[in-house]
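Q: Just passing along the structure, written as structure tokens.
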Amino acid sequence: MASPHKSGFISIIGKPNVGKSTLMNALVGERLSIVSSKAQTTRHRILGMLNGEFEGTPYQIVYSDTPGVLMPKYELHKSMMQFVKSSLEDADVVLYVTDVFDEYEDLEFLTNWKDHTDTPILVLLNKIDLVGTEKLQERLDYWRQIFPDKPILPISALESVHLDQIFEHIVAKLPVHPPFFDPEELTDKPEKFFASEIIREKIFMNYKKEIPYSCEVVVTSFKDEPTILRIATEIYVERVSQRAILIGHKGESIKKVGIEARQDLEKFFGKKVFLEQFIKVEPDWRAKADKLRSFGYSLD
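Anchor point for the sequence shown: position 158 equals 158 in UniProt numbering, and the numbering is continuous, going up by one each time.
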């Protein structure tokens, strides 16, 4: 007799820049979330599905990569925290990601949730490849004081250390349930979303200071033709001076972004890509609720 199917939502949460997106990509086996050394790279909740069978039990794991937990300064940040809160509400298991350099920050909504939830929590101490044994033990002792009754697993998402133990922990906690999504689906996001994210990643990689955080990429046209994919985008910034920096001397900076983005887009979609980029100024868009909604952010 076949074992009953198990399915569940696994929320990956933690502060900015602790390696949540790297972990998500490693667990799913696909590059769904953009990765940058800069904090606050992820702005949306991104689902990644993993289907299979473990020791005779069929499963569907629905991972949620979420924005880094922070104190909101803009309407954009409030929307990002809404994505975190919604992921906690429907989670069957929570992966709380920290790293060997991180300190716990008493953010009210997260602390209240941590101290009162019945949802299983697995604390992941990431980036252990960057410290020695003594420092690692020190950090493990520190996090055991913060989460005294939760399992804590040292990992390296980048080097794929102990990720198999995460998987086994999740499968053991999954409830019996039919699949939530078609087993052929990899994510809940449309192709246009990943096109905009790939371009936004290149902006994070090529610019410093405030520029990456002031940019939003919107795909205005996505035409999938037999031999080529034609993508047109609008890149929004908040000030005219930022537009000038984004373009660069004789357009060299934005051209570099376009070349690097097109190369990754062609790898992602498996075909030739023609990419157009238009830069627009929308003053203080991060603080405008109506503009954020038009960009796909939830403020409810």
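C-beta atoms are modelled at their ideal positions from N, C-alpha and C, and glycine is treated no differently.
Keep in mind the model is a prediction, meaning the values are calculated, not measured.
Would LYS192 and PHE222 qualify as a contact pair, given that the criterion is a beta-carbon distance under 9 Å?
A: yes
Q: Cα separation between GLU225 and ILE199?
A: The straight-line gap from Cα to Cα measures roughly 20 Å.
Q: Can you have a look at GLY52 and say buried or exposed, based on whether 16 or more other CB atoms are within 10 angstroms of its CB?
A: exposed
Q: How many angstroms separate the CA atom of SER160 from the CA atom of HIS169?
A: If you take the alpha carbons of SER160 and HIS169, they lie about 16 Å apart.
Q: Between the Cα of GLU238 and the Cα atoms of GLU252, PHE274, LYS288, which residue gives the shortest distance?
A: LYS288
Q: Can we say the region 113–126 touches the region 88–98, given the rule of at least three CB pairs closer than 8 Å?
A: Touching, per the Cβ criterion.
Q: Quick check on this structure: which residue in ILE235, LEU186, SER156 has the alpha carbon closest to the alpha carbon of PHE204?
A: Nearest option by C-alpha distance: ILE235.
Q: Give me, in chain order, the residues of the same chain whose beta-carbon lies closer than 7 Å to that of TRP285; leave out the 5 immediate sequence neighbours on both sides.
A: GLU216, TYR236, GLU238, LYS291
Q: What is the DSSP secondary structure of GLU252, counted as helix, strand or coil?
A: GLU252 falls in the helix class under three-state DSSP.
Q: Is the distance from the Cβ of LEU136 to the Cβ of VAL100 below 9 Å?
A: yes
Q: Under the three-state reduction of DSSP, which class applies to LEU158: helix, strand or coil?
A: coil
Q: Is SER7 closer than 9 Å to TYR63 when the C-beta atoms are compared?
A: no
Q: Looking at the strands, I want to know which residues DSSP matches up with PHE278.
A: GLU234
Q: State the Cα-Cα distance for the pair MET49 and ILE12, rounded to the nearest angstrom.
A: 13 Å
Q: Would you list, in sequence order, the uninterrupted beta strand (DSSP E) runs of no fewer than 3 residues that lie entirely inside the region 129–192?
A: 152–154
Q: Starting from ASN51, follow the alpha helix (DSSP H) in both directions and report where the run begins and ends.
A: Per DSSP, ASN51 belongs to no alpha helix (DSSP H); it is in the beta strand (DSSP E), 46–54.
Q: For PHE274, is the classification buried or exposed, using 16 other Cβ atoms within 10 angstroms of its Cβ as the cut-off for buried?
A: exposed
Q: Is SER156 close to the ligand COA? I mean its beta-carbon at under 8 Å from any heavy atom of the ligand.
A: The ligand COA is not among the ligands present in this structure, which contains no ligands whatsoever.
Q: Excluding the 5 residues preceding and the 5 following VAL131 in the sequence, name in chain order all residues of the same chain whose CB lies nearer than 6 Å to its CB.
A: Answer for VAL131: VAL100, listed in chain order.
Q: Within 10 Å of its beta-carbon, does LYS20 have 16 or more other beta-carbons around it, so buried, or fewer, so exposed?
A: buried
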